[in-house]
Each structure stands twice: as C-alpha cells, then as structure tokens.
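*Asks:* Residue numbers (UniProt numbering): 1 to 271.
1) When you compare only the Cα positions, how much space is there between residue 206 and residue 231?
2) Are the Cβ atoms of residue 63 and residue 25 separated by less than 8 Å?
3) Rounded to whole angstroms, what is the Cα-Cα separation between residue 118 and residue 130?
4) Among the candidates 208, 136 and 188, whose CA atom is the shortest distance from the CA of residue 216?
5) State the beta-bridge partners of residue 46 as determined by DSSP.
6) Which same chain residues end up closer than 8 Å to residue 98 when comparing Cβ atoms and leaving out the 5 residues on each side of it in sequence?
7) Does the segment 227-242 come close enough to the segment 197-206 that 3 or more CB-CB pairs lie under 8 Å?
8) So if DSSP puts residue 251 in a beta bridge, which residue, or which two residues, is it bridged to?
9) State yes or no: is the beta carbon of residue 152 nearer than 8 Å to at least one beta carbon in chain D?
10) Nearest-angstrom Cα distance between residue 223 and residue 168?
11) Extract the residue ranges of the alpha helix (DSSP H) inside the segment 135-161, only unbroken runs of 4 or more that lie entirely within it.
12) With H, G and I counted as helix, E and B as strand and the rest as coil, what does DSSP make of residue 270?
13) Let's see if you can read the secondary structure: which residues bound the beta strand (DSSP E) around residue 119?
14) With distances taken Cα to Cα, identify the nearest neighbour of residue 109 among 178, 42, 13 and 141.
15) Return the residue from the list 261, 159 and 157 that minimises the CA-CA distance to residue 175.
16) When you compare the CB positions of residue 13 and residue 30, do they come within less than 8 Å of one another, or not?
17) Out of 243, 61, 51 and 17, which one is the CA nearest neighbour of residue 45?
18) Any idea which residues DSSP pairs residue 211 with across the strands?
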C-alpha cells in the first residue's frame with residue numbers, strides 16, 4: 001500500500017514542470033524533496049529553508065547536510081520578519097496560520113522570480129486530524145501538499161524513507177520552538193533561548209525525544225513515559241534541575257502524561 005501511494009506521489013509530481021519545496025529537514029519534507037528531485041531532475045527543483053530564532057541552530061546544519069546528500073539545490077532565508085510582527089509575537093491560537101501565510105507568500109514570490117511553476121509543502125494525511133491552522137494558509141494560497149494528496153501517513157512516510165535509505169526515516173518530529181509556549185503568552189527571544197538551551201542539554205543527557213514547555217517561571221518537561229525513570233534518578237534529577245534553574249526557570253516539573261504532540265492544543269476547542 002505504501003509503495004503504491006509513493007508511485008502516486010511521483011505521478012502527481014510529474015504533472016509539475018518544476019517545483020520549489022518548502023524544506024524543513026524533517027521526515028516529511030525530506031521524502032517530498034527526494035521524490036521531486038528524482039522525478040523532475042536537479043535543475044527543476046529548489047529546496048528553500050527559512051531559519052528564524054524559533055528554529056534551533058543545529059537544525060540549519062542538518063538541513064544543509066541533507067540537501068547536499070540528496071544532491072539538491074538549497075536556498076536558506078535567515079530572516080522571516082516574524083519576530084517583528086506584533087500579531088505573531090502575541091502568540092494567538094492561529095499563530096501557525098500567521099507564520100505559514102507569511103512564509104508561503106515569500107516562497108510564492110521567490111518561485112515566480114526563479115521561474116518555478118509550483119510551490120509544495122510537506123503536510124501528510126495525518127495532519128488533517130490535528131489542529132493545524134497553517135493548513136488554511138496552504139489552501140488560501142493554492143500551495144500543494146503532494147504527500148497529503150497521495151494519502152501518505154506519517155507511518156508510511158517513515159517506512160518508505162527507510163526503504164529509500166533516507167537518514168530522516170526515524171527522526172523525531174520537532175515543531176518550531178514557539179510550540180513550547182502556551183497560546184497568549186508572548187513569544188520573546190529570551191524564552192526561545194531558554195527553550196533551545198534546555199532541550200539541547202536534555203538531548204545531550206540522553207533524552208532524544210523531548211519537549212520543554214515554557215510556562216513563565218515554570219519549565220514542564222515532556223519525555224516518553226519509558227524514559228521518566230532515567231530522569232528522576234540521581235544524579236540526573238539534580239543535574240537537570242540545576243541546569244534549568246540556571247537558565248532562569250524557578251520551578252522544574254515533569255509532566256506525568258509523558259511526551260505528546262501538540263499538548264498545548266488540549267486547551268482549545270477546535271472540534
């Protein structure tokens with residue numbers, strides 16, 4: 001079934017003469033970029049990555065390395081202007097819509113400038129089941145989502161990626177750092193730095209899947225349930241508490257529900 005959907009993906013891409021791919025370096029956009037590169041050829045595909053303060057510094061290095069491995073042209077835009085947008089920084093529930101529309105508008109302008117016929121992004125079939133305000137911007141601007149159009153789920157994308165030898169096949173999902181800040185709490189450079197440095201420390205300590213939720217003076221750690229014992233045992237517990245307090249958090253807590261995508265959406269009635 002997954003291979004059939006992948007063939008459908010490449011058929012859909014064939015209808016596009018050229019393509020600009022919004023490339024984050026994650027499992028979804030990596031498969032999309034490879035499919036576009038293999039189908040349309042190197043000269044007809046351009047990967048574009050936005051790198052802003054709400055993206056981790058290491059993410060850019062990973063993006064550049066992966067684009068080189070796939071032999072794809074890459075353009076990096078380091079200033080999205082969103083941190084100067086008062087509406088975005090106010091962190092409303094439709095924050096992702098504001099972000100997505102701003103970025104996709106710039107990608108459409110760039111595609112016209114480069115003579116590329118299509119702009120594509122990496123949403124998959126599972127994304128329609130979650131709160132995804134950014135999809136509204138995708139529809140409004142007529143950007144295509146080839147993985148979603150082919151009906152590919154995240155699980156299928158990982159399987160195909162593994163079969164194709166993509167290093168991203170088992171890469172954990174990593175939404176932008178703004179997703180760690182509750183809606184209504186302003187997005188600031190200080191908060192983003194605290195989150196990035198805190199998650200970096202925890203990853204280096206052995207917690208590869210981690211969300212550090214920023215609740216003002218309180219840091220709420222989300223990790224898989226099976227890893228909780230590793231965190232609460234000494235000396236790890238004291239090391240984590242000391243490091244996060246050093247970043248400016250007064251309280252350090254462990255969420256007993258464990259790691260889950262979009263936990264800050266639980267307060268929204270989006271159904």
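Cβ coordinates follow ideal geometry from the N, Cα and C atoms, glycine included.
Owing to the predicted nature of the structure, the values given are computational and were not obtained by experimental measurement.
*Replies:* Reading from the atomic positions:
1) 10 Å
2) yes
3) 26 Å
4) 188
5) 20 and 73
6) 82, 85, 87, 88 and 92
7) yes
8) 218
9) The question asks about chain D, but that chain is absent: this structure has only one protein chain.
10) 20 Å
11) 146-149
12) Annotation note: pLDDT 45 at residue 270 (below 50); position unreliable, coordinate value reported separately. In this structure, residue 270 counts as coil in the three-state DSSP scheme.
13) 118-120
14) 141
15) 261
16) no
17) 17
18) 222
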